[in-house]
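Trainee: Before anything else, here's the structure in question.
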Amino acid sequence: VPSGPAPVSREARPARPSKMWPRQHFCHSAPASPSRAACRCGLGIRPTGFRHPVSGITMEPMSVIFAILALLVQAGQKPLEPVSPSNPVVVLETTHGDIVIELRRDRAPVSVDNFLAYAKAGYYDGTIFHRVIRGFMIQGGSFDPSLESKPTRAPIRNEAANGLRNIRGTVAMARSASVRSATAGFFINVEDNSQLNHKGLLPSDYGYAVFGRVLAGMDVVDKIASVPVRRVGEHEAVPLEAVVIKRVRPR
Numbered sequence: 648v649p650s651g652p653a654p655v656s657r658e659a660r661p662a663r664p665s666k667m668w669p670r671q672h673f674c675h676s677a678p679a680s681p682s683r684a685a686c687r688c689g690l691g692i693r694p695t696g697f698r699h700p701v702s703g704i705t706m707e708p709m710s711v712i713f714a715i716l717a718l719l720v721q722a723g724q725k726p727l728e729p730v731s732p733s734n735p736v737v738v739l740e741t742t743h744g745d746i747v748i749e750l751r752r753d754r755a756p757v758s759v760d761n762f763l764a765y766a767k768a769g770y771y772d773g774t775i776f777h778r779v780i781r782g783f784m785i786q787g788g789s790f791d792p793s794l795e796s797k798p799t800r801a802p803i804r805n806e807a808a809n810g811l812r813n814i815r816g817t818v819a820m821a822r823s824a825s826v827r828s829a830t831a832g833f834f835i836n837v838e839d840n841s842q843l844n845h846k847g848l849l850p851s852d853y854g855y856a857v858f859g860r861v862l863a864g865m866d867v868v869d870k871i872a873s874v875p876v877r878r879v880g881e882h883e884a885v886p887l888e889a890v891v892i893k894r895v896r897p898r
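Quick note, this note's numbering runs 647 ahead of the 1-based positions in the sequence shown.
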């Protein structure tokens with residue numbers, strides 16, 4: 648299991664990184680304090696109330712301007728193209744919008760065929776994202792809105808050694824502490840999560856198998872990652888309002 652707290656149950660899940668709840672900042676670097684940010688993006692944000700010597704704009708409106716510019720840039724981004732024309736592309740329809748995913752059959756054929764088999768059988772229809780951790784990942788495909796688990800087929804081979812990394816926008820198989828325990832559950836990385844990558848043959852180093860990447864709809868992923876959550880029994884981060892997967896269909 649990657650570094651971080653051990654799972655609280657046998658439910659398939661990627662372990663949290665050691666820094667479980669990163670402090671939020673526009674450029675995603677952790678500020679030194681609420682009033683002073685050590686910003687690695689080079690924007691030079693100063694303490695609250697600082698007035699720019701030329702423009703005369705204080706930090707608060709400048710932060711709003713930077714946020715608006717970032718949203719405009721994101722909105723103008725074109726969808727990614729599949730790395731191989733032979734890779735299947737599916738649309739994950741959710742109550743928060745559609746997520747288009749390329750399934751990397753060229754690198755993770757077992758995981759892709761497993762995912763497609765569940766999708767074609769309608770298994771994911773009506774399941775939820777039951778574990779949502781801002782700055783980490785969103786996990787779903789295993790439970791209905793009542794947090795009742797659905798029966799699955801036998802676990803599949805772990806393809807974490809396929810060379811694909813758990814970076815922002817990639818889709819990976821969820822599992823328990825056992826290396827070969829992945830079934831239907833999956834997660835989408837919201838940030839780069841190198842602690843989940845394959846590092847060796849020991850169970851603690853084997854990692855989580857990446858089998859897809861988001862081509863379009865990362866804004867939907869980010870929207871889901873920002874919803875308010877609560878603990879429900881053994882489930883640590885369940886959205887207050889269910890985020891439902893309506894269906895998974897070919898594009």
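Where is the CB? At the ideal position from N, CA and C, for every residue including glycine.
Treat the numbers as computed from the prediction; the structure is a model and nothing was measured.
Throw me the rounded Cβ distance for the residue 775 and residue 892 pair, which I believe falls under 8 Å.
Mentor: Indeed, because the Cβ distance is near 7 Å, the residues count as touching under 8 Å.
Trainee: Report the option in 865, 731, 872 and 824 whose CA atom is closest to the CA atom of residue 852.
Mentor: Cα-wise, what sits closest to residue 852 is 824.
Trainee: Would residue 876 and residue 743 qualify as a contact pair, given that the criterion is a beta-carbon distance under 7 Å?
Mentor: In this structure, residue 743 does not lie closer than 7 Å to residue 876 by Cβ.
Trainee: Once DSSP output is grouped into helix, strand and coil, what is the label at residue 872?
Mentor: Residue state, collapsed to three classes: helix.
Trainee: With 16 as the cutoff for other CB atoms within 10 Å, does residue 887 come out buried or exposed?
Mentor: The residue is exposed, with fewer than 16 neighbouring Cβ atoms inside 10 Å.
Trainee: Excluding the five sequence neighbours on either side, which residues of its own chain have a C-beta within less than 8 Å of the C-beta of residue 733, listed in chain order?
Mentor: So the qualifying residues of the chain are 752 and 753.
Trainee: I'd like to check one pair, residue 738 with residue 858: are the Cβ atoms closer than 7 Å?
Mentor: Contact flag unset, no.
Trainee: For residue 844 and residue 756, I'd like the C-alpha separation in whole angstroms.
Mentor: Spanning the two alpha carbons is a distance of roughly 18 Å.
Trainee: Quick one: using the 10 Å Cβ neighbour count with 16 as the cut-off for buried, is residue 692 buried or exposed?
Mentor: In this prediction, residue 692 has a pLDDT of 37, which is less than 50 and means its spatial position is unreliable; nothing more can be read from the coordinates.
Trainee: Decide if residue 670 is buried, meaning its Cβ has at least 16 other Cβ atoms within 10 Å, or exposed.
Mentor: Residue confidence for residue 670 is low, a pLDDT of 34 falling below 50, so the modelled location carries little weight; the figure read from the coordinates is stated next. Label assigned to residue 670: exposed.
Trainee: Helix, strand or coil: how does DSSP classify residue 930 here?
Mentor: Residue 930 lies beyond the range of the chain shown here (648 to 898); nothing can be said about it.
Trainee: Which residues in the same chain have their Cβ closer than 7 Å to the Cβ of residue 846, if we skip the five residues on either side of it in sequence?
Mentor: For residue 846, where only same-chain residues beyond five positions count, the Cβ hits under 7 Å are 852 and 854.
Trainee: What runs of the beta strand (DSSP E), each 3 residues or longer, lie entirely inside the stretch 781-863?
Mentor: Correct list: 784-787, 817-820, 833-836 and 857-863.
Trainee: Quick one: using the 10 Å Cβ neighbour count with 16 as the cut-off for buried, is residue 661 buried or exposed?
Mentor: With 16 or more other Cβ atoms within 10 Å, it is buried.
Trainee: Is any beta-carbon of chain B found at less than 7 Å from that of residue 800?
Mentor: No chain B appears in this structure, which consists of one protein chain only.
Trainee: Is residue 753 helix, strand or coil when you go by DSSP?
Mentor: Looking at residue 753 - three-state DSSP - the assignment turns out to be coil, as it is neither helix nor strand.
Trainee: Pick helix, strand or coil for residue 687, following the three-state DSSP scheme.
Mentor: Only weak support exists for where residue 687 lies, its pLDDT of 38 falling under 50; the value from the coordinates is given anyway. Here residue 687 sits in coil by DSSP.
Trainee: For residue 726, which residues from the same chain have a beta carbon less than 7 Å from its beta carbon, with the 5 sequence-adjacent residues on both sides left out?
Mentor: Contacts found: 747, 862 and 863.
Trainee: Within a Cβ cutoff of 7 Å, which residues of the same chain sit near residue 879, ignoring the five residues on either side of it in sequence?
Mentor: Within the same chain, residue 879 has close Cβ partners 794 and 885.
Trainee: Give me, in chain order, the residues of the same chain whose beta-carbon lies closer than 7 Å to that of residue 872; leave out the 5 immediate sequence neighbours on both sides.
Mentor: Here the set comprises 779, 781, 785 and 837.
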